[in-house]
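For the sequence shown, my numbering gives the first residue as -11, with consecutive numbering after it. Okay, structure first, notes after.
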Amino acid sequence: MTPIAGQPILTAAEMRAAEQRAIDAGASVAALMERAGAGVAEAVRRLAGDAPVLVLCGPGNNGGDGYVAARILRANGVAVRVAATGAPTSEAAIQARGGWDGAVEALGDAAPAPVVLDAIFGTGLSRRVDDAIAAPLAALVQAARLSITVDVPTGLATDTGEALIDTVSRFDITLALGALKPVHVLAASAETCGTVRLVEIGLETRSAARATVIDRPTLRAPGSDSTKYTRGMVAVVGGIMPGAAALASEAAMRAGAGYVLLLSDTLPANTPHALVRRAWAPDALADARIGVILIGPGLGRDDAARSKLAVALASDRPLVLDGDALHLLDGRTFHDRKAPTILTPHGGEFVAAFGAWSGSKIEAARSAAASSGAVVVFKGADTVIADPDGSVVMAPHGSSWLSTAGTGDVLAGAVAALAASDSPLGTPARAAAAVWMHGAAARRLGGAFLADDLAREISVIRAAL
């Protein structure tokens, strides 16, 4: 079993294509099923030892994986029972069922077991699950000491995490076969999946993946010849709520920027002494040393805010747009800008900038990036970093304690710091690195922290990279 950081994420269609490539190269469906079942059996033994296992099998290939796992577990001395929703329907699943020489109970008649292994439906599910399956599944999962599901929890849509079942069963462990799927990392379904572990089954998936899970970034320390300008100069444009811009400015400093200029008529108390403040003037953004302009935190939405945003958009500097700036875009796109643009919306700001969306958050962010020409950091309990070229980095399992005022300003400042730096990373990777630092700082703080605490903690995280 493999941890998920840095792993590729494949949709159901992409996973089918990966399997087909393996088949075209000479592997049979039955051979792939044998690998999957063997991987599942090994994982179950590691997780549950020799505890008795009840394997729940569906009619398709996910059920076939279950029959193979049951056979291998029994061969290794584990007490195994199998319950099924009905007879297998695919050729490979029929073959796998033939390899199981034990009894097969009806799902509705199955008694509980210490360990339940759900192999009813997998990535192919596209219809609602009948209550004749949902009810006994829920009862068996609830009664088990350890509940494990094969690839995708029965009743969840692979690409969106949508529940296609009336009674959602929450599992302790999900064994993702071959690659992660969106269902494993989207907030809507992550709790149902429990802890996700990857089971390798010999498929080549990385080259075809358009999405990956965020991983710890590699950021270099300043060199002996670094200056405050080569480390990155960030200009933060303030507005009617100066505290938000000041917080973003402090976060930019603590994330590694060498020089932060706050363009604001006021400066809140207790800001770092190294923060440079000047009154707003349109020509302030003409300084060629500026590595990135951050505008939006506390900007406001009045005529003065629109005027400031127009100046920023007309500049030739990289831009980070957050908060109020996202409400003022009026459909603006950035394909014609030579410098990179990064947008950091939360859910409401995303709707303001791009309109209502449904289905997969990953696809919504990908579409927004493609249509706008900007890197889009769609924030939330699951944060999606999407590049206009279609590639995506996914940051799952965000701390619920981040749901407090100012934490988005902190992220915007961190994104700006890395966007302004002399890092060799591309723009999407810099944004992803900032998201990783932001999440790591939140995890290190634990709970009940302020956005100010988060900004300060980013210094600790950045220094350790």
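Virtual Cβ for every residue (Gly too), placed ideally from N, Cα, C.
Assuming contact is defined by CB atoms lying nearer than 9 angstroms, are residue i and residue j in contact in what I supplied?
i, j, result
"I330", "A407", "yes"
"G368", "A199", "no"
"V403", "V365", "yes"
"A341", "S355", "no"
"A374", "A357", "yes"
"L168", "I350", "no"
"G347", "D147", "yes"
"G226", "D253", "yes"
"A192", "R9", "A small fix is needed here, since residue 192 is Glu in this sequence, not Ala. Yes; because the gap between Cβ atoms is below 9 angstroms, this pair is in contact."
"A443", "V398", "yes"
"I108", "A420", "no"
"L316", "R277", "no"
"V70", "G25", "no"
"D441", "R219", "no"
"G48", "G110", "yes"
"S447", "R242", "yes"
"L44", "L125", "yes"
"A94", "A123", "no"
"R23", "I153", "no"
"H261", "I(-3)", "no"
"L459", "G244", "Since the first residue of the chain shown is -11 and the last is 453, residue 459 is not available in this structure."
"A178", "P384", "yes"
"A6", "A196", "yes"
"L301", "P328", "no"
In the DSSP assignment, find the unbroken beta strand (DSSP E) run with residue i in it and report its ends.
i, result
"S135", "L134 to V138"
"R266", "V264 to R266"
"A72", "V68 to A72"
"E192", "E192 -> no beta strand (DSSP E), and no H or E assigned at all."
"E337", "No beta strand (DSSP E) contains E337, which is instead part of the alpha helix (DSSP H) from G335 to F342."
"V224", "M221 to V225"
"L42", "V41 to C45"
Tell me where the alpha helix (DSSP H) around residue i begins and ends.
i, result
"Y247", "Unbroken run through Y247 is the beta strand (DSSP E), Y247 to L251; no alpha helix (DSSP H)."
"L105", "Looking at the DSSP string, L105 is not in any alpha helix (DSSP H); the run it does join, the beta strand (DSSP E), is V103 to A107."
"A176", "A175 to C181"
"A358", "K349 to S360"
"V201", "V201 -> not in any alpha helix (DSSP H); beta strand (DSSP E) instead, spanning A199 to V201."
"R59", "N49 to A63"
"E150", "No alpha helix (DSSP H) holds E150; DSSP gives it neither H nor E."
"W424", "T415 to L433"
"A452", "A439 to A452"
"G27", "V17 to A36"
"I228", "Neither: I228 is in no alpha helix (DSSP H) and is coded neither H nor E."
"V299", "D291 to A302"
"H315", "D312 to H315"
"L125", "D119 to A131"
"V403", "T395 to A408"
"L85", "Sequence inspection shows Arg at residue 85; the Leu mentioned does not correspond to that position. Per DSSP, R85 belongs to the alpha helix (DSSP H) from E79 to G87."
With a CB to CB cut of under 6 angstroms and the five nearest residues on each side skipped, what residues in its chain are close to residue i?
i, result
"M229", "G286"
"D160", "L134, S135 and G182"
"V264", "L249"
"A240", "V222, V248, G401, A404 and A405"
"G455", "Coverage of the chain is limited to positions -11 through 453, which leaves residue 455 absent and any answer about it impossible."
"D310", "G284, P285, T332 and A400"
"V224", "A233, A236, S237, L250 and L282"
"E337", "L314"
Just to confirm my understanding: we take residue i, look at its own chain, exclude 5 residues before and 5 after, and list those with CB closer than 7 angstroms. What are they?
i, result
"V187", "M(-11), G27, V28, A31, L163, A164 and L165"
"E445", "A429, R432 and L433"
"A393", "A439"
"S303", "L273 and I281"
"R266", "L249, L251 and A272"
"N50", "A107, I108, F109, G110, V138 and D139"
"V156", "G143 and T180"
"I60", "G25, A26 and A29"
"V372", "K349, I350, A353, F366, V380 and M382"
"G231", "P256 and G286"
In the DSSP assignment, what residue or residues form a beta bridge with residue i?
i, result
"L307", "I281 and T329"
"I373", "V365 and V381"
"L163", "V138 and R185"
"A94", "A72"
"T(-10)", "L186"
"I(-3)", "L168 and A199"
"R144", "Note on residue identity: the sequence assigns Leu, not Arg, to residue 144. BP columns for L144 point to A151."
In chain order, what residues of the same chain have a beta carbon less than 8 angstroms from the beta carbon of residue i, not counting five sequence neighbours either side?
i, result
"L90", "In the sequence under discussion, the amino acid at residue 90 is Gly, which differs from the Leu named in the question. Answer for G90: A58, R62, V68, R69 and V70, listed in chain order."
"A209", "none"
"R33", "L61, N64 and V66"
Worksheet item: Do the segment 372 to 392 and the segment 424 to 435 make contact, defined as three or more Cβ pairs closer than 8 angstroms?
Response: yes
Fill in: the segment 97 to 106 in contact with the segment 122 to 131 per 3-pair CB rule at 8 angstroms
yes
Worksheet item: Would you call the segment 63 to 83 and the segment 202 to 215 touching, i.e. three or more CB-CB distances under 8 angstroms?
Response: no
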